[in-house]
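Asks: So the protein sequences, as listed, match chains A and B. The working numbering applies: residue 5 is where the first sequence begins, and numbers increase by one. The working numbering applies: residue 5 is where the second sequence begins, and numbers increase by one. We put the beta carbon where it would ideally sit given N, CA and C, even for glycine. First the structure, then my questions, so here it is.
2 protein chains.
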Amino acid sequence: MHDTDLAATGALIGDPSRARMLDALMGGRALAAGELARIAGVGASTASEHLARLRDGGLVEVVAHGRHRYYRIAGPDVGAALEALSQVAPPRPVRSLRQSGHAQALGFARTCYDHLAGACGVALHDAMIDRGWLTRAYDVTPAGHAGLAGWGVDVGAARARRRSFARPCLDWTERRPHLAGSLAAGITDGLVERGWFVRRSADSRALRLTDAGRAGMQALGCDLSPSATR
Amino acid sequence: MHDTDLAATGALIGDPSRARMLDALMGGRALAAGELARIAGVGASTASEHLARLRDGGLVEVVAHGRHRYYRIAGPDVGAALEALSQVAPPRPVRSLRQSGHAQALGFARTCYDHLAGACGVALHDAMIDRGWLTRAYDVTPAGHAGLAGWGVDVGAARARRRSFARPCLDWTERRPHLAGSLAAGITDGLVERGWFVRRSADSRALRLTDAGRAGMQALGCDLSPSATR
DNA sequence: CGGACGCTTCGGTCCGGGACGAAGCGTGCG
DNA sequence: CGCACGCTTCGTCCCGGACCGAAGCGTCCG
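What follows is the structure, encoded as structure tokens:
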């Protein structure tokens with residue numbers, strides 16, 4: 005039984021270079037050390053040291069492929085902590101039209117670690133419950149099973165994973181829950197594979213909703229109109 | 005629509021003195037600046053500057069009573085973020101028998117901002133659902149209404165507050181959910197007022213379960229045996 | 001009213017951590 | 001095999017933030 009060292013983890017997140025790396029890794033993919041150095045805007049040696057500290061602190065894990073070292077968020081609890089911290093972090097003022105567009109894109113659709121977030125994530129969560137695919141206790145109904153199978157999502161596989169199956173994750177841009185857990189990760193993977201969402205760039209966890217994705221989500225009953233997403 | 009400055013908030017939490025203050029404030033009470041200086045082990049001037057930064061960063065809020073300045077956690081979202089961060093923070097090794105006792109006490113019963121956490125919190129959450137006081141979608145049943153009224157808890161008042169009513173909050177010591185939200189805050193207040201739990205000290209968010217509390221919780225079906233709390 | 005007290009602000013000091021460049025190690029490839 | 005490349009480790013420098021003591025302000029109380 006232990007007390008925890010909050011300051012240590014806070015300090016890890018509290019460096020701007022490391023925070024930029026963590027933000028990029030919240031896109032859900034593993035990124036190479038060199039890529040993270042570029043994203044953070046520091047040299048390779050500096051990036052190495054930052055990544056070592058994040059790894060030692062348990063926030064990221066590393067997988068080597070030959071000379072390439074791929075880093076990723078260590079697990080869903082880290083993703084959840086970073087999202088919760090984003091709830092209370094101050095907004096970064098928008099200084100350009102380009103940044104404004106990026107912030108809009110983040111708010112509309114992005115990954116929160118390994119699942120869909122933003123207005124699209126919240127709309128999906130709400131529609132799945134309204135349509136009876138998911139109960140308010142976060143169980144998948146037979147209708148949900150069938151519907152998700154039609155999306156190419158294997159609900160049984162998600163359930164078999166040794167982690168939380170389905171739970172609400174409070175969305176920092178919408179201030180309402182989107183779906184998290186292994187089910188949400190499976191759904192998000194499935195929707196990306198179907199081409200409903202496309203990743204914008206390595207630097208960003210913003211996702212772009214395709215025409216096919218818009219049609220599919222609206223068929224479920226997701227409300228993607230501008231007023232509903234505000 | 006904004007991006008957030010994660011590093012700024014991380015850095016606030018990442019100072020040991022400030023982390024100690026936040027930890028004490030997670031006890032759910034407002035504490036005076038002088039008390040927080042004592043808890044953090046720094047002088048009054050240093051504490052003032054730390055508190056000013058926490059206030060400016062939105063993590064705490066201040067209420068003046070004459071020459072006394074009482075600081076408290078700014079809201080449930082901050083409490084949730086700190087609890088989520090505790091999930092991923094490294095354990096602080098226990099160095100003495102006294103610390104070991106304190107860590108045990110924290111794990112058994114403590115406040116997580118304004119609601120009961122630890123083994124007791126998780127046992128209460130589970131028993132309320134098992135006993136049919138609460139549904140798995142976190143609605144209070146008529147039986148729950150009556151039972152809680154018997155505990156002196158006003159469910160209607162909790163529902164009328166402009167915040168989340170009832171939701172799971174992943175417990176960092178038990179790794180399972182305890183109850184959070186205005187309902188949980190009301191329950192915790194009620195149980196403290198009934199003398200079921202007693203606050204140990206200003207420095208700590210540990211709660212002590214009284215004999216009356218143990219009897220009352222066991223009557224509901226809370227499993228407080230050592231094996232169930234491990 | 002005058003002194004005590006709680007708290008905040010400010011200037012000065014010092015230390016820790018982020019940045020860089022150089023060197024070293026391991027993988028990949030012609 | 002030799003060179004290029006990706007990454008890590010190490011030493012040095014420098015800046016920012018925590019800390020303290022002093023001074024100032026406002027409240028409390030005899």
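For the alpha helix (DSSP H) holding residue 146 of chain B, just list the boundary residues, first then last.
Replies: Per DSSP, residue 146 of chain B belongs to the alpha helix (DSSP H) from 146–154.
Asks: Run the CB neighbour count on residue 273 of chain A, radius 10 Å, all protein chains shown included, and call it buried at 16 or more, exposed below.
Replies: Since the first residue shown for chain A is 5 and the last is 234, residue 273 of chain A is missing from the structure and cannot be characterised.
Asks: Pull up the distance between the alpha-carbon of residue 250 of chain A and that of residue 122 of chain A, whole angstroms please.
Replies: In this structure chain A extends from 5 to 234, so residue 250 of chain A is not present and cannot be described.
Asks: Is the beta carbon of residue 8 of chain A less than 8 Å from the beta carbon of residue 61 of chain A?
Replies: Not a contact, by the Cβ cut-off of 8 Å.
Asks: Between residue 189 of chain A and residue 149 of chain A, what straight-line distance do the alpha-carbon atoms span, to the nearest angstrom?
Replies: Those two C-alpha atoms are separated by around 15 Å.
Asks: For a test of the three-state rule: what should DSSP assign to residue 218 of chain B, helix, strand or coil?
Replies: DSSP places residue 218 of chain B in helix when its eight states are reduced to three.
Asks: How long is the line joining the alpha carbons of residue 180 of chain B and residue 155 of chain A, rounded to whole angstroms?
Replies: Answer to the nearest angstrom: the Cα atoms are 31 Å apart.
Asks: Flag residue 56 of chain B as yes if its beta-carbon sits less than 8 Å from any beta-carbon of chain A, otherwise no.
Replies: Not an interface residue.
Asks: Are the region 197–210 of chain A and the region 26–44 of chain A touching, with three or more C-beta to C-beta distances below 8 Å?
Replies: Enough Cβ pairs lie closer than 8 Å, so yes.
Asks: Check whether the region 83–91 of chain B touches the region 166–176 of chain B, counting contact only when three or more Cβ pairs, one atom from each stretch, lie closer than 8 Å.
Replies: The region 83–91 of chain B vs the region 166–176 of chain B: in contact.
Asks: What whole-angstrom Cβ distance do residue 107 of chain A and residue 98 of chain A have, given they're in contact under 8 Å?
Replies: Going by Cβ atoms, the distance from residue 107 of chain A to residue 98 of chain A rounds to 6 Å, so yes, they are a contact pair.
Asks: Closer than 8 Å by beta-carbon distance: list the chain A residues that pair up with residue 90 of chain B, in chain order.
Replies: Neighbours of residue 90 of chain B on chain A, chain order: 8 and 10.
Asks: Are the beta-carbon atoms of residue 200 of chain A and residue 220 of chain A separated by less than 8 Å?
Replies: Yes; because the gap between Cβ atoms is below 8 Å, this pair is in contact.
Asks: Is the region 65–77 of chain A touching the region 65–84 of chain B in the sense that three or more CB pairs, one from each, lie closer than 8 Å?
Replies: Touching, no.
Asks: Shortest alpha-carbon distance to residue 139 of chain A belongs to which of B:136, B:143 and B:137?
Replies: Taking only the C-alpha atoms, the option nearest residue 139 of chain A is B:143.
Asks: Measuring alpha carbon to alpha carbon, tell me which of B:32, B:105, B:159 and B:145 ends up nearest residue 120 of chain B.
Replies: Comparing Cα-Cα distances from residue 120 of chain B to each of B:32, B:105, B:159 and B:145, the minimum goes to B:32.
Asks: Let's see if you can read the secondary structure: which residues bound the alpha helix (DSSP H) around residue 226 of chain A?
Replies: Counting along the chain, residue 226 of chain A falls outside any alpha helix (DSSP H), and DSSP gives it neither H nor E.
Asks: Check the Cβ of residue 144 of chain A against every Cβ in chain B and list those closer than 8 Å, keeping chain order.
Replies: Under the 8 Å cutoff, chain B gives no residues; its nearest Cβ is about 14 Å from residue 144 of chain A.
Asks: What is the DSSP secondary structure of residue 13 of chain A, counted as helix, strand or coil?
Replies: Helix, per DSSP.
Asks: Check distances from the C-beta atoms of the region 27–50 of chain B to those of chain A and list, in chain order, the residues that come in under 7 Å.
Replies: Answer set for the region 27–50 of chain B: 27.
Asks: Under 8 Å Cβ to Cβ from residue 214 of chain A, same chain only, skipping five residues before and after it: list those, please.
Replies: For residue 214 of chain A, where only same-chain residues beyond five positions count, the Cβ hits under 8 Å are 199, 200, 201 and 202.
Asks: With which residues is residue 69 of chain A paired in a DSSP beta bridge?
Replies: DSSP, once it has assigned bridges, lists A:72 as partnering residue 69 of chain A.
Asks: So for residue 181 of chain A, helix, strand or coil by DSSP?
Replies: Three-state DSSP puts residue 181 of chain A in a strand.
Asks: Quick check on DSSP: helix, strand or coil for residue 112 of chain B?
Replies: It is helical.
Asks: Does any residue of chain B bring its CB to less than 8 Å from the CB of residue 20 of chain A?
Replies: Yes, because at least one Cβ of chain B sits closer than 8 Å to the Cβ of residue 20 of chain A.
Asks: Using the three-state DSSP reduction, which class does residue 170 of chain B fall into: helix, strand or coil?
Replies: Three-state DSSP puts residue 170 of chain B in coil, outside helix and strand.
Asks: Among the residues of its own chain, which have a CB less than 8 Å from the CB of residue 226 of chain A, if the five just before and after it don't count?
Replies: Result list for residue 226 of chain A: 124, 127, 128, 130 and 131, in chain order.
Asks: Please tell me whether residue 37 of chain B and residue 52 of chain B are closer than 8 Å, where the distance is taken between their beta carbons.
Replies: Cβ distance < 8 Å, so residue 37 of chain B and residue 52 of chain B count as in contact.
Asks: Give, in chain order, every unbroken run of the beta strand (DSSP E) that is at least 3 residues long and sits entirely within the region 115–145 of chain A.
Replies: Those beta strand (DSSP E) runs which fall completely within the region 115–145 of chain A and span 3+ residues are 119–121.
Asks: For a cutoff of 8 Å on Cβ pairs, would you count residue 63 of chain B as touching chain A?
Replies: Residue 63 of chain B counts as touching chain A.
Asks: Give the DSSP-derived three-state secondary structure of residue 7 of chain A in the structure shown.
Replies: Three-state DSSP puts residue 7 of chain A in a strand.
Asks: Is the Cβ of residue 140 of chain A closer than 8 Å to any Cβ of chain B?
Replies: Closer than 8 Å to some Cβ of chain B, the Cβ of residue 140 of chain A qualifies, so yes.
Asks: Which residues in the same chain as residue 47 of chain B place their Cβ atom closer than 7 Å to its Cβ, once the five residues preceding and following it in sequence are excluded?
Replies: So the qualifying residues of the chain are 41.
Asks: My output table needs one value for residue 235 of chain B: the three-state DSSP class, helix, strand or coil.
Replies: Since the first residue shown for chain B is 5 and the last is 234, residue 235 of chain B is missing from the structure and cannot be characterised.
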